[in-house]
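Worksheet: one structure, shown below.
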């Protein structure tokens, strides 16, 4: 992230939660959701990567000066604020925010953090269709159907 603090604060605003510096790495920030147990997202400065250690179950921070700006990894997160609230936060930050349709099964708000990292935000009106379509039981059945 170019500005981990702003990214974390905006994520916390979407969650109606809190954002704080994340001490394991200088300049990193963490956003906490307001629900308990809370979900969290850590935001690191651009180029910071987490690398597994061969000698333990832990990891280390590495710096990759040629790290890509975009990533295919993304998350879907549920928010308690409405769609217009999410859109206002994205507009405040200058981030792309569009309603995305996922194959006719459900819609999400595609929020592009710093216009680089996609977060599928599920506002209360979008959650029922998402929950019906995207759950482990249903996904497992779809996988089994494709194997036959």
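In my numbering, the protein residues as written are 5 to 152.
Idealized CB from N, CA, C, for every residue including glycine.
Residue i versus residue j: straight-line alpha-carbon distance, rounded
{"i": "residue 82", "j": "residue 26", "result": "22 Å"}
{"i": "residue 52", "j": "residue 107", "result": "34 Å"}
{"i": "residue 32", "j": "residue 127", "result": "27 Å"}
Limits of the beta strand (DSSP E) - the one that residue i falls within
{"i": "residue 23", "result": "22-25"}
{"i": "residue 114", "result": "110-117"}
{"i": "residue 32", "result": "Looking at the DSSP string, residue 32 is not in any beta strand (DSSP E), and its letter there is neither H nor E."}
{"i": "residue 132", "result": "Per DSSP, residue 132 belongs to no beta strand (DSSP E); it is in the alpha helix (DSSP H), 131-137."}
{"i": "residue 123", "result": "121-126"}
Start and end residues, alpha helix (DSSP H) containing residue i
{"i": "residue 99", "result": "Looking at the DSSP string, residue 99 is not in any alpha helix (DSSP H), and its letter there is neither H nor E."}
{"i": "residue 8", "result": "8-19"}
{"i": "residue 40", "result": "Per DSSP, residue 40 belongs to no alpha helix (DSSP H) and is neither H nor E."}
Beta-carbon contacts of residue i that lie in its chain and below 7 Å, excluding the five residues immediately before and after
{"i": "residue 103", "result": "111, 113"}
Identity of the residues DSSP links to residue i by a beta bridge
{"i": "residue 143", "result": "Answer is none; residue 143 lacks a bridge partner."}
Residue i vs residue j beta-carbon contact at 8 Å
{"i": "residue 64", "j": "residue 55", "result": "yes"}
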